[in-house]
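S.K.: Handing you this structure, nothing more for now.
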Amino acid sequence: MLLDYDRLGWLRAALAGFTALVAAFLLLPVVFIVLLSFGSSRWLAFPPPGWTLKWYQELLADPAWIDAALTSAKIAAMAAILAVLIGLLASFSLVRGEFRGRQFLRGLLLTPMVLPVVVFAIAIYAFFLRIGLAGTTIGFVIAHTILALPFAIVPIATALEGFDKSIEDAAIVCGASPLQARLRITLPSIRIGIFSAAIFSFLASWDEVVVAIFMASPTLQTLPVKIWGSLRADLSPVVAAASSLLVGLTLALMIVTALLRRRLSR
Amino acid sequence: MQAHSLSRGSVAGLPAGSGGALPALVLVGLFFVVPVVALLLRSVTDPEPGLQNYAALFGSGTYVRVFLNTFLVAAVVTVVTILVAFPVAWMLAIMPPALGSIVFGIIILSMWTNLLTRTYAWMVLLQRTGVINRALMGLGVIDEPLPLINNLTGVTIGMVYIMLPFMILPLVGTLRAIDPMTLRAAALCGASPLQAFRRILLPLSLPGIAAGGLMVFVMSLGYFVTPALLGGTSNTMLAEMIAQTVQSLLNWGLGSAAAFVLLAVTMVLYAIQLRMVGARRLAGGL
Amino acid sequence: MTRPFLSIRAVRKAFGAFVAVHDVTIDVPKGEFLTFLGPSGSGKSTTLYAIAGFQDPTAGDVLLEDKSLLSVPSHKRNIGMVFQRYTLFPHLSVAENVAFPLRVRRRPDAEVKRKVADMLALVRLEKFAERYPGALSGGQQQRVALARALAYDPPILLMDEPLSALDKKLRQEIQAEIRRIHRETGVTILYVTHDQEEALHLSDRIALFKEGRIEQIGTGEDLYLRPASEFVAGFIGNSNFLAAEHLETENGVALVRLADGSIVKGVKATHALGRGQKARLMVRPEAFRLTPMEGNAALAVEIVDTAFFGDRRRVVARTKSGDEIDVRPTSDTAEPGGADAASGRQIFFDPATAFLFPA
């Protein structure tokens, strides 16, 4: 009866109450930061003495913030495209291939997800210093593509495993060439996985701090590096404004994802 | 089904179906394996060949304290995360989907929100004059502000916050996979709710708890951002120490040795976890 | 003799040391409905895959109108196929699914439209043209798959256990549908199944596979009434096997002694057996009678169980030597048991309907 919602008795009230508390705990910082960004206190007093938009004006007037956001968007978009393309090819091998070492390869390609980022960060930083890629956009994109790759492979490989290969065979028997069958039948069928891969790998780069801190140069800063710098210096409300915009972006991304998933999974 | 393939022929002598993995293999090999191996080599060659970096690492009270502190924080975070996540996952596994989707939405929103944003919020919330201290004082619970930041408390709150989704989501899967019939049967057999929990529900969800807990522990061990911002100077964690050693002290040898220790511990635990749940389930849980 | 339409010549398929198909040879005339029947792992699907081009045979050849198919890649073989699982393209509507093979062949729009309408009419799903596969039942999905496979008028239609995912009632419905479509289109069909009833219901001819070889090929009647081996007799229809000893054969008629010592005369001798050789006597359940007729052999049994099904009766009997026998008399409705039930009783069969196989 412990797994019957209608038969839990008092335990249900207790569990529901606790769940509500945890949900509030999870929501608290997100809501708090948005409210804070409209508060007029420079010292982040809460509840604020008044409401204002001046932190947003300050944020949008500062080219350093805009540059950082554009840099982040550019790097994340490139890393996501690369990760999805490379991950798509790799997923076909990992799921369909019959060769020795397939499991090992799967483990290797997923390792960047479990290895502590700081280890990879100093390793790639040292490596890029030596080959002259440190502080370059290409270096950033390469490093972030590595980190994003597992987040692209996992949803695509999962979708591909759930896709019945006889459907592809059926297309080929119908007269489609193997390439045509993949492009016209298999890819559209696993599009939810590909779409998730794109979102996850974009976020993996967009939110990445540790590698970025090492790779950044005075002329090349991503948004997280800029926020990191501000946090270490002072707790300016401008960071709250930037953070609120990021929360807004997350919400927008979630809504788009939900809508697209609904449309795609007809 | 019988194994058959319509895409016959392999790419230039490569084993069947492996060609597609080539770009990924080159990328990961060149820009992941090579740099990491080079870094590890550096721990025994920089500034001169030998094990002096490891001797320095394990010989110094400061560094040993960092190791112990890292394990302590990771362990505390893991235990608290499990205790908080289990009831939530339990509720989510059985509650009506309409209501549950709101909670799932909140979990996803929290998980997808920029890491620095969340940590920044906690920095402001937990500071001496922050909302939480002021609220507690206003309610008369405390007279003096509690030290909630730049110490173990701050790190634990911030880390548990970040780890909760990683524990709740897989655990919901584990709990949903348990047939409610088994618990009905337990009740008919005469088990009280407590007995049914201890003897049926908990053992059946243990694999999920163990797998999720191990993942949280491994992630916590190498975490950098949150401890650096919410922790104090007296309880530096390993990742932060590695970054500082390399970035501020420019002591690459020592930093590499510490990185190797972190990597070795992580990989051993990762291997244990793979053995426990299998690569597919692990990947599917994310 | 006319040249065969489709010719499978000594096809052999080995996976390493394991030989899945041993030199299978079959000629299929145009328009025939031929079923590959057999237990799983008997090589029937592997043979089908060789025709579809999913697997290259290790040796042998597959000829369609005298031209070898082996060097032709699957997508150029112009063969229709319906799979075990519903292989509809999930992101395309029913009409787009049926249109797919025509689109990859770059047929003009008007033709595609007309053909799709024809095909959906053929499988009676006109109303579902704009639905997506996810909104269809299993039976409907399989009918769409059939329409898709026939849309480009392939000379051969392969069907790989197409009904195995459906429940019994639906299976029977679609079987009728398949028969109708075969009649209306005249397409040559190669059909794989492990269900003997399905095979008997649908096929012109059945090729019964065992361990990678064709055990017997012929019409359903051939296989049922003239099984070439104990395996065929056991696989097609229901059968009882009684341990026997061959005493002698004269003029094609054998004399055998059963395990309980009784003698049966007048059994057709289809296999050459030596004097005193161990053998097995096969009697169909429906060949048994509860009351004797002229020339019947009698078997002393004990009645273990009896069940009444309205149109027939089913009796489980046990011989003196302990073999259980399935008895389903059709021609009389006499109560088993009766007056001599206590002392055991006899059941009867016409020896001419029994088969004798070497043990």
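Residue numbers (my numbering), protein chains in the order written: chain S, 42 to 307; chain H, 18 to 303; chain L, 14 to 372. Glycine included, C-beta positions come from ideal geometry on N, C-alpha and C.
1) Return the bridge partner residues of Lys80(L) from the DSSP annotation.
2) With 7 Å as the limit, tell me which residues of the stretch 118 to 142 of chain H have their beta carbon closer than that to any beta carbon of chain S; keep them in chain order.
3) Going by alpha carbons, who is nearest to Ile195(H) out of Met232(H), Ser222(H) and Gly171(H)?
4) The ligand HEM and Gly270(S): does any heavy atom of the ligand fall closer than 8 Å to the residue's C-beta?
5) Among the residues of its own chain, which have a CB less than 6 Å from the CB of Phe241(S), if the five just before and after it don't count?
6) Below 8 Å on the Cβ atoms is my guess for Gly34(H) versus Arg141(S); work out the distance and round it to an integer in Å.
7) List the residues of chain S whose Cβ lies closer than 8 Å to the Cβ of Thr100(L), in chain order.
8) Given that Asp45(S) touches chain H, what residues does it touch there, using C-beta distances under 9 Å?
9) On a Cα-Cα basis, can you pick out the residue from Leu57(H), Ala102(H), Ser237(H) and Arg59(H) that is closest to Leu188(H)?
10) Between which residues of its own chain and Leu61(L) is the CB-CB distance below 8 Å, once the five residues before and five after are set aside?
11) For the stretch 216 to 246 of chain S, enumerate the residues whose C-beta is nearer than 9 Å to any C-beta of chain L, in chain order.
12) Between which residues of its own chain and Val266(L) is the CB-CB distance below 8 Å, once the five residues before and five after are set aside?
13) Tell me, please, whether the CB atom of Pro240(L) is closer than 9 Å to any CB atom in chain S?
14) So Val95(L) is in the alpha helix (DSSP H); what residue range does that whole segment cover?
15) What are the start and end residues of each continuous alpha helix (DSSP H) run of 4 or more residues lying completely inside the stretch 74 to 162 of chain S, in chain order?
16) To the nearest angstrom, report how far apart Glu143(L) and Val107(L) are at their CA atoms.
17) The stretch 69 to 86 of chain S: which residues have C-beta closer than 7 Å to a C-beta of chain L, in chain order?
18) Just how far apart, CA to CA, sit Val28(H) and Pro196(S)?
19) Taking Tyr204(L) as part of the beta strand (DSSP E), name the residues at either end of that continuous run.
20) Within 10 Å of its beta-carbon, does Glu4(L) have 16 or more other beta-carbons around it, so buried, or fewer, so exposed?
21) Compare the beta carbon distance of Leu255(L) and Met295(L) with 9 Å and say whether it is the shorter of the two.
22) Below 8 Å, can you find three or more Cβ-Cβ pairs linking the stretch 81 to 88 of chain L to the stretch 32 to 46 of chain L?
23) So which residues of chain H does Thr291(S) contact, with C-beta pairs closer than 7 Å?
24) What residue range does the alpha helix (DSSP H) around Ala33(L) cover?
25) Measure how close the beta-carbons of Met256(S) and Ala175(S) come, nearest whole angstrom, since I'm counting them as under 8 Å.
26) Can you grab the Cα-Cα spacing for the pair Leu286(L) / Phe370(L), in whole Å?
27) Thinking C-beta only, is Val105(H) closer than 9 Å to Thr177(S)?
28) Please classify Val280(S): is it buried, with 16 or more other beta-carbons within 10 angstroms of its beta-carbon, or exposed?
29) Tell me the rounded alpha-carbon separation between Arg216(H) and Ala204(H).
30) By Cβ distance below 6 Å, which residues in the same chain neighbour Pro240(L) in space, the five residues on each side in sequence not counted?
31) At which residues does the beta strand (DSSP E) containing Lys223(L) begin and terminate?
32) Runs of 4 residues minimum, wholly inside the stretch 152 to 210 of chain H: which ones carry the alpha helix (DSSP H) assignment?
33) Looking at His262(L): is its Cβ nearer than 9 Å to the Cβ of Leu47(L)?
34) Under the three-state reduction of DSSP, which class applies to Gly351(L): helix, strand or coil?
35) Please list, in chain order, the residues of the stretch 268 to 290 of chain S that have any C-beta partner in chain H closer than 7 Å.
36) With a cut-off of 9 Å, does the C-beta of Tyr204(L) fall near any C-beta of chain S?
M.R.: Reading from the atomic positions:
1) Counting from 1 along the third sequence, the entry for residue 80(L) is found at position 67. DSSP output for Lys80(L) lists Leu77(L) as bridge partner(s).
2) Val120, Ile123, Ile124, Ile125, Leu126, Ser127, Trp129, Thr130, Asn131, Leu132, Leu133, Thr134, Arg135, Tyr137, Ala138, Trp139, Met140, Val141 and Leu142
3) Translated into the one-based positions of the second sequence, residue 195(H) becomes position 178. Nearest C-alpha to Ile195(H): Ser222(H).
4) In the structure on display, the ligand HEM does not appear, and there are no ligands present to speak of.
5) Working through the first sequence from its first residue, we reach residue 241(S) at position 200. These residues qualify, in order along the chain: Phe192.
6) Numbered from 1 along the second sequence, position 17 holds the residue referred to as residue 34(H). Numbered from 1 along the first sequence, position 100 holds the residue referred to as residue 141(S). So it is not a contact: roughly 12 Å between Cβ atoms.
7) Start at 1 with the first residue of the third sequence, and residue 100(L) comes out as number 87. What Thr100(L) touches in chain S: Asp205, Ser207, Ile208, Asp210 and Ala211.
8) Reading the first sequence from its first residue, position 4 is the one you call residue 45(S). Neighbours of Asp45(S) on chain H, chain order: Ile111, Pro197, Leu200 and Arg201.
9) Sequence index remark: in the second sequence, residue 188(H) carries index 171 (1-based). Cα-wise, what sits closest to Leu188(H) is Ala102(H).
10) Locating residue 61(L) in the third sequence gives position 48, counting from the first residue. Result list for Leu61(L): Phe49, Leu171, Asp173, Leu203 and Val205, in chain order.
11) Gly216, Ala217, Ser218, Pro219, Gln221, Ala222, Arg225, Ile226, Pro229, Ser230 and Arg232
12) The residue labelled residue 266(L) in the question sits at position 253 within the third sequence. Here the set comprises Lys278, Gly279, Val280, Lys281 and Ala282.
13) Position 227 of the third sequence, counting from 1, holds the residue named residue 240(L). No - not a single Cβ of chain S is within 9 Å of the one on Pro240(L).
14) Your numbering for residue 95(L) matches position 82 in the third sequence. Segment Gly93 to Val95 is the beta strand (DSSP E) holding Val95(L); no alpha helix (DSSP H) there.
15) 95 to 102, 104 to 137 and 143 to 155
16) Position 130 of the third sequence, counted from the first residue, corresponds to residue 143(L). Position 94 of the third sequence, counted from the first residue, corresponds to residue 107(L). So the two alpha carbons sit approximately 6 Å from each other.
17) none
18) Along the second sequence, one-based indexing puts residue 28(H) at 11. Along the first sequence, one-based indexing puts residue 196(S) at 155. Confidence at Val28(H) is low in this model, with a pLDDT of 38, below 50, so the placement of that residue is unreliable and no value is reported for it.
19) Taking the third sequence and counting its residues from 1, one reaches residue 204(L) at position 191. Here the beta strand (DSSP E) through Tyr204(L) covers Thr201 to Thr206.
20) Limits of chain L in this structure are 14 at one end and 372 at the other, which puts residue 4(L) out of reach.
21) What you label residue 255(L) is simply residue 242 of the third sequence in a count that begins at 1. What you label residue 295(L) is simply residue 282 of the third sequence in a count that begins at 1. In contact: Leu255(L) and Met295(L) (Cβ atoms closer than 9 Å).
22) no
23) Position 250 of the first sequence, counted from the first residue, corresponds to residue 291(S). Under the 7 Å cutoff, chain H gives Leu126, Trp129 and Thr130.
24) Translated into the one-based positions of the third sequence, residue 33(L) becomes position 20. Not the alpha helix (DSSP H): Ala33(L) falls in the beta strand (DSSP E), residues Phe31 to Val41.
25) Residue mapping note: residue 256(S) aligns to position 215 of the first sequence, counting from 1. Residue mapping note: residue 175(S) aligns to position 134 of the first sequence, counting from 1. At roughly 6 Å, the Cβ-Cβ gap stays under 8 Å, so Met256(S) and Ala175(S) are in contact.
26) In the third sequence, counting from the first residue as 1, residue 286(L) sits at position 273. In the third sequence, counting from the first residue as 1, residue 370(L) sits at position 357. Each residue's alpha carbon lies about 9 Å from the other.
27) As a working mapping, residue 177(S) is identified with position 136 in the first sequence. As a working mapping, residue 105(H) is identified with position 88 in the second sequence. Going by C-beta atoms, Thr177(S) is not nearer than 9 Å to Val105(H).
28) Residue mapping note: residue 280(S) aligns to position 239 of the first sequence, counting from 1. Val280(S) is buried by the Cβ-count criterion.
29) Taking the first residue of the second sequence as position 1, residue 216(H) is located at position 199. Taking the first residue of the second sequence as position 1, residue 204(H) is located at position 187. Roughly 11 Å separates the two Cα atoms.
30) Here residue 240(L) is taken as the residue at index 227 of the third sequence, counted from 1. So the qualifying residues of the chain are Ala246.
31) By 1-based counting over the third sequence, the position of residue 223(L) is 210. Per DSSP, Lys223(L) belongs to the beta strand (DSSP E) from Arg218 to Lys223.
32) 169 to 193 and 197 to 205
33) Residue numbering aside, residue 262(L) sits at position 249 when the third sequence is read from its first letter. Residue numbering aside, residue 47(L) sits at position 34 when the third sequence is read from its first letter. A quick correction: the sequence has Thr, not His, at residue 262(L). Contact flag unset, no.
34) For the purposes of this step, residue 351(L) is taken as residue 338 along the third sequence, with counting starting at 1. Its pLDDT being 46, under 50, Gly351(L) is placed unreliably by the model, and the measurement read from it follows with that caveat. Helix.
35) Ile268, Trp269, Leu272, Leu276, Val280, Ser284, Leu287 and Val288
36) Counting from one through the third sequence, the residue named residue 204(L) turns up at place 191. No, Tyr204(L) does not count as interfacial toward chain S.
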